[in-house]
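Asks: Once you've had a glance at the structure underneath, I'll fire off some questions.
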């Protein structure tokens, strides 16, 4: 892979938001406090006020890309207090990164500053038409199209997301690369039967191609609006799976931030089908070491939690609200947007008490009083062993896998 300004080889994702992020395209980067000699300067106002600041050196570490057959990454500590790579001290010495991801702590072991992601190990260069036969357009956005395609290699259907880099830059701005590569790296790091699989990522000069699992049943949005009114049992079969997927994501410190019917994909047109969570475009890692909750607006407004809309700081519980709004939308349709959330539920006299309990809990405006995804499995609506066993049987028959039980789930 030749280095260029548009194809990064690495990404420094801040674990603690006081640190600046870094998209690495040059062959070498110096990171430290010095304002002119460092490529990434650790000198923001927030960082200056932090207890960790005094432990940082003017030049703290250097990270280099060696464009050989192995696409090696060399990390060199040049500081007075050292660094910790995945918890192991590196002081005035260098190491080669062996994996695609590493945690970098600066000076103190507990000062987890960055997650380094080796991007050049994730990407290949292809001629799309030589590998796939594009069948038809599945959907379009402001800077991306998704096609149904047949892989010449596997002779199976795939969904190919084609992201136009120029359009992406116009929509998002010069920092668009960090969003693209964060989406790619987060989506590629997860493995769950109810999360859409991301296979490969390729690039050309103007486009990025993401190869994903193809969901022939369309989206939950399609089912709600184009097919029929969903029954409560049908809703439970689908939302049990999405709840398990979200519990998994939150356990590994990922917040999705865009839960909605369009991002729940169905693997068949059967009423009981495998459901998969998709689209990690605004997903983000949440770290306990960070003193700052996310305050940026992310997601789709109609399904957005109050703390996201009003920018008061949000974490994984924002997904719980969006989960509740998506469930309510599936059960009562677009009434929720006319009557606003809980009022829509109260207008439906036939709503069962157990389902209403879940909706009231998930649509609690106070984020600290709102249960987390794992705790939802304590409530009666989810304590349905018959539904769970049907889901397990279906998933195992089609994937060979089993759905892991959230530890709070009780029958």
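Residue numbers (our numbering): 121 to 531.
The beta carbon of each residue, even a glycine, is placed where N, CA and C say it ideally should be.
Nothing here was measured: the structure is a model prediction, and the numbers come from that model.
Which residues in the same chain as residue 355 place their Cβ atom closer than 7 Å to its Cβ, once the five residues preceding and following it in sequence are excluded?
Replies: Counted from its first residue, the chain shown places residue 355 at position 235. So the list reads 447, 450 and 451, once near-sequence residues are dropped.
Asks: If you measure between the beta carbons of residue 179 and residue 152, is that distance less than 7 Å?
Replies: The count along the chain shown starts at 1 and reaches residue 179 at position 59. The count along the chain shown starts at 1 and reaches residue 152 at position 32. Closer than 7 Å, so yes.
Asks: Residue 371 by DSSP, collapsed to three states: which one?
Replies: In the chain shown, counting from the first residue as 1, residue 371 sits at position 251. Helix, per DSSP.
Asks: Within 10 Å of its beta-carbon, does residue 302 have 16 or more other beta-carbons around it, so buried, or fewer, so exposed?
Replies: Numbered from 1 along the chain shown, position 182 holds the residue referred to as residue 302. Per the 10 Å Cβ criterion, buried.
Asks: Quick test of your reading: residue 441 and residue 475, contact by CB under 8 Å. State the CB separation rounded to the nearest angstrom.
Replies: Translated into positions along the chain shown, residue 441 becomes position 321. Translated into positions along the chain shown, residue 475 becomes position 355. Incorrect: roughly 16 Å between the Cβ atoms, too far for contact.
Asks: Compute the beta-carbon to beta-carbon distance between residue 314 and residue 396, rounded to the nearest angstrom, for a pair I have assumed lies under 8 Å.
Replies: The residue you call residue 314 lines up with position 194 of the chain shown. The residue you call residue 396 lines up with position 276 of the chain shown. 6 Å between Cβ atoms; contact.
Asks: DSSP puts residue 257 in a beta bridge; with which residues?
Replies: Counting from 1 along the chain shown, the entry for residue 257 is found at position 137. DSSP, once it has assigned bridges, lists 267 as partnering residue 257.
Asks: Just the Cα atoms here: how many angstroms apart are residue 228 and residue 211?
Replies: Locating residue 228 in the chain shown gives position 108, counting from the first residue. Locating residue 211 in the chain shown gives position 91, counting from the first residue. Each residue's alpha carbon lies about 12 Å from the other.
Asks: Going by the CB atoms, is the gap between residue 183 and residue 238 shorter than 7 Å?
Replies: Numbered from 1 along the chain shown, position 118 holds the residue referred to as residue 238. Numbered from 1 along the chain shown, position 63 holds the residue referred to as residue 183. Contact flag unset, no.
Asks: In the structure shown, what three-state DSSP assignment does residue 229 receive?
Replies: Along the chain shown, one-based indexing puts residue 229 at 109. Three-state result, residue 229: coil.
Asks: Where does residue 440 sit, in a helix, a strand or coil, going by DSSP?
Replies: In the chain shown, counting from the first residue as 1, residue 440 sits at position 320. If DSSP states are grouped into helix, strand and coil, residue 440 belongs with the helices.
Asks: So, with DSSP's three-state summary, where would you put residue 358?
Replies: Taking the chain shown and counting its residues from 1, one reaches residue 358 at position 238. Here residue 358 sits in helix by DSSP.
Asks: In whole angstroms, give me the CA-to-CA distance for residue 286 and residue 323.
Replies: Translated into positions along the chain shown, residue 286 becomes position 166. Translated into positions along the chain shown, residue 323 becomes position 203. Cα to Cα, the separation comes out at about 13 Å.
Asks: Looking at the structure shown, is residue 134 part of a helix, part of a strand, or coil, going by DSSP?
Replies: Looking up residue 134 in the chain shown gives position 14. Of the three classes helix, strand and coil, the one that applies to residue 134 here is strand, per DSSP.
Asks: Over the uninterrupted alpha helix (DSSP H) stretch that includes residue 508, give me the two end residues.
Replies: Locating residue 508 in the chain shown gives position 388, where the first residue counts as 1. Run containing residue 508: 505-519, per the alpha helix (DSSP H) assignment.
Asks: Between the segment 132-147 and the segment 156-169, do at least 3 Cβ pairs fall closer than 8 Å?
Replies: Short answer: they touch.
Asks: Pick from 234, 435, 198 and 230: whose alpha carbon is nearest that of residue 490?
Replies: Counting from 1 along the chain shown, the entry for residue 490 is found at position 370. Nearest of 234, 435, 198 and 230 to residue 490, Cα basis: 435.
Asks: Who are residue 184's beta bridge partners in DSSP?
Replies: Position 64 of the chain shown, counting from 1, holds the residue named residue 184. Answer is 148 and 194, bridged to residue 184.
Asks: I'd like the list of long-range same chain contacts for residue 358, defined as Cβ closer than 6 Å, with 5 residues on each side in sequence excluded.
Replies: Locating residue 358 in the chain shown gives position 238, where the first residue counts as 1. Here the set comprises 395.
Asks: Quick check on residue 323: does DSSP put it in helix, strand or coil?
Replies: Start at 1 with the first residue of the chain shown, and residue 323 comes out as number 203. Strand, per DSSP.
Asks: Tell me which residues share the same chain as residue 519 and place their Cβ nearer than 8 Å to its Cβ, disregarding the 5 neighbours each side in the sequence.
Replies: Within the chain shown, the letter at position 399 stands for residue 519. Contacts found: 313 and 394.
Asks: List the DSSP bridge partners of residue 234.
Replies: Position 114 of the chain shown holds residue 234. According to DSSP, which records beta bridges pairwise, residue 234 is partnered with 134 and 224.
Asks: Between residue 388 and residue 337, is the Cβ-Cβ spacing less than 7 Å?
Replies: By one-based count along the chain shown, residue 388 stands at place 268. By one-based count along the chain shown, residue 337 stands at place 217. Yes, they are a contact pair.
Asks: Hey, residue 472 and residue 352 are a contact pair by Cβ (cut 8 Å); roughly how many whole angstroms apart?
Replies: Numbered from 1 along the chain shown, position 352 holds the residue referred to as residue 472. Numbered from 1 along the chain shown, position 232 holds the residue referred to as residue 352. At roughly 6 Å, the Cβ-Cβ gap stays under 8 Å, so residue 472 and residue 352 are in contact.
Asks: DSSP three-state call for residue 410: helix, strand or coil?
Replies: Translated into positions along the chain shown, residue 410 becomes position 290. The predicted position of residue 410 is uncertain, since its pLDDT is 45 and thus under 50; no value can be drawn from it.
Asks: Label residue 430 either buried or exposed according to how many other C-beta atoms from any shown protein chain fall within 10 Å of its C-beta, with 16 as the threshold for buried.
Replies: Here residue 430 corresponds to residue number 310 of the chain shown, with the count starting at 1. Residue 430 should be labelled exposed.
Asks: Classify residue 260: buried if its beta carbon has 16 or more other beta carbons within 10 angstroms, exposed otherwise.
Replies: If you number the chain shown from 1, residue 260 lands on position 140. Exposed: under 16 other Cβ atoms inside 10 Å.
Asks: Return the first residue and the last residue of the beta strand (DSSP E) that residue 292 is part of.
Replies: For the purposes of this step, residue 292 is identified with residue 172 of the chain shown, where counting begins at 1. From DSSP, residue 292 is part of no beta strand (DSSP E) but of the alpha helix (DSSP H) over 285-292.
Asks: Locate the beta strand (DSSP E) running through residue 214, then write down its first and last residues.
Replies: Mapped onto the chain shown, residue 214 falls at position 94. Where residue 214 is concerned, the enclosing beta strand (DSSP E) stretches over 214-217.
Asks: Please return the same chain residues whose Cβ sits closer than 6 Å to the Cβ of residue 76, not counting the five positions on each side in sequence.
Replies: Since the first and last residues shown for the chain are 121 and 531, residue 76 lies out of range.
Asks: Once the 5 residues before and after residue 383 are set aside, which same chain residues still bring their CB inside 7 Å of it?
Replies: As a working mapping, residue 383 is identified with position 263 in the chain shown. Here the set comprises 397, 398 and 399.
Asks: Taking just the CA atoms, how far does residue 370 sit from residue 266?
Replies: Against the chain shown, residue 266 aligns to sequence position 146. Against the chain shown, residue 370 aligns to sequence position 250. So the alpha carbons of these two residues sit roughly 27 Å apart.
Asks: Just the Cα atoms here: how many angstroms apart are residue 411 and residue 170?
Replies: Residue mapping note: residue 411 aligns to position 291 of the chain shown, counting from 1. Residue mapping note: residue 170 aligns to position 50 of the chain shown, counting from 1. With a pLDDT of 40 at residue 411, under the threshold of 50, the modelled position of that residue is not reliable, and the figure given next carries that caveat. In a straight line, the C-alpha of residue 411 is about 10 Å away from that of residue 170.
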